[in-house]
Amino acid sequence: AQSVAQPEDQVNVAEGNPLTVKCTYSVSGNPYLFWYVQYPNRGLQFLLKYITGDNLVKGSYGFEAEFNKSQTSFHLKKPSALVSDSALYFCAVRDRGNNRLAFGKGNQVVVIP
Amino acid sequence: KAGVTQTPRYLIKTRGQQVTLSCSPISGHRSVSWYQQTPGQGLQFLFEYFSETQRNKGNFPGRFSGRQFSNSRSEMNVSTLELGDSALYLCASSLTDGSNEQFFGPGTRLTVL
Numbered sequence: 003a004q005s006v007a008q009p010e011d012q013v014n015v016a017e018g019n020p021l022t023v024k025c026t027y028s029v030s031g032n033p034y035l036f037w038y039v040q041y042p043n044r045g046l047q048f049l050l051k052y053i054t055g056d057n058l059v060k061g062s063y064g065f066e067a068e069f070n071k072s073q074t075s076f077h078l079k080k081p082s083a084l085v086s087d088s089a090l091y092f093c094a095v096r097d098r099g100n101n102r103l104a105f106g107k108g109n110q111v112v113v114i115p
Numbered sequence: 011k012a013g014v015t016q017t018p019r020y021l022i023k024t025r026g027q028q029v030t031l032s033c034s035p036i037s038g039h040r041s042v043s044w045y046q047q048t049p050g051q052g053l054q055f056l057f058e059y060f061s062e063t064q065r066n067k068g069n070f071p072g073r074f075s076g077r078q079f080s081n082s083r084s085e086m087n088v089s090t091l092e093l094g095d096s097a098l099y100l101c102a103s104s105l106t107d108g109s110n111e112q113f114f115g116p117g118t119r120l121t122v123l
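Keeping their order, the protein sequence lines are chains A and B. If you count by the working numbering, then the first sequence holds residues 3 to 115, one letter each, in order. If you count by the working numbering, then the second sequence holds residues 11 to 123, one letter each, in order.
Next up, the structure:
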């Protein structure tokens, strides 16, 4: 069965520093990979996705993620974090073979001014 | 385009009762998924519907059921409510159930007393 691991419960980063949120996945086939963000008191919003092609994917709000097939990872990155990036981030994987979708437990990101 | 709408937004029930939650997807979207979000368990996948057919199901007991209508609107039903069913229930829609990202509604906050 497909699964997603987001190993850190909370990521603390100083404003202006690089931000990385880690995600590893397990699927039986090839994956579609997604990142979503949930701001306080707001619904989940789509950030970016990997379908095929270039392993580096660019998304909303200056975020990007790199698909690494050998390490089965899809880490989310932002070169310079903003206080407004403080939110809950979810990684998700869909197995192209059986079409099943799984979300990680989420990572709380706290950007310190 | 209007976003995903969910009704009601808040609900208070007592143990043993049943509840029905409603979700209207974005116009043109044929896939609807349901999730349970709690602080301890994160985002848990309930089920996914596509063109009125349940395509995927998470690991929830049979008390949780759903359906999708011909206009893509979906309902989720929970029977014999338990205290542990208190959660935010999120609905998400997408064009299809493959590589497309999901658009989430604001959720229904269910409290079971």
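Quick reminder that beta carbons are idealized off the backbone N, C-alpha and C, glycines included.
Asked	Found
Count the other CB atoms within 10 Å of the CB of B:N87; is the residue buried (16 or more) or exposed (fewer)?	exposed
I want to verify the contact list: residues of chain A whose CB lies under 9 Å from the CB of B:E58, in sequence order.	N101, R102, L103
What does a CB cutoff of less than 6 Å around B:L31 pick up in its chain, not counting 5 residues either side in sequence?	M86, Y99, T118
Contact between the stretch 86 to 98 of chain A and the stretch 29 to 46 of chain A: three or more CB pairs below 8 Å?	yes
What does the alpha-carbon distance come out to for the pair A:S62 and B:N69?	32 Å
Quick one: Cα of A:Q8 to Cα of A:T74, how far?	12 Å
Per DSSP, which one or two residues make a beta bridge with B:R40?	DSSP, once it has assigned bridges, lists no residue as partnering B:R40.
Whose Cβ in chain B lies nearer than 8 Å to the Cβ of A:F69?	Result: empty, since nearest Cβ-Cβ is about 13 Å, beyond 8 Å.
Can you list, in chain order, the residues of its chain whose CB lies under 8 Å from that of B:S80, leaving out five sequence neighbours each side?	E62
Could you please give the first and the last residue of the uninterrupted beta strand (DSSP E) stretch that includes A:N43?	A:N43 -> no beta strand (DSSP E), and no H or E assigned at all.
Does the separation of the CB atoms of B:Q28 and B:L91 fall below 8 Å?	yes
Which residues in the same chain as B:A97 place their Cβ atom closer than 7 Å to its Cβ, once the five residues preceding and following it in sequence are excluded?	Q46, Q47, T48, L120
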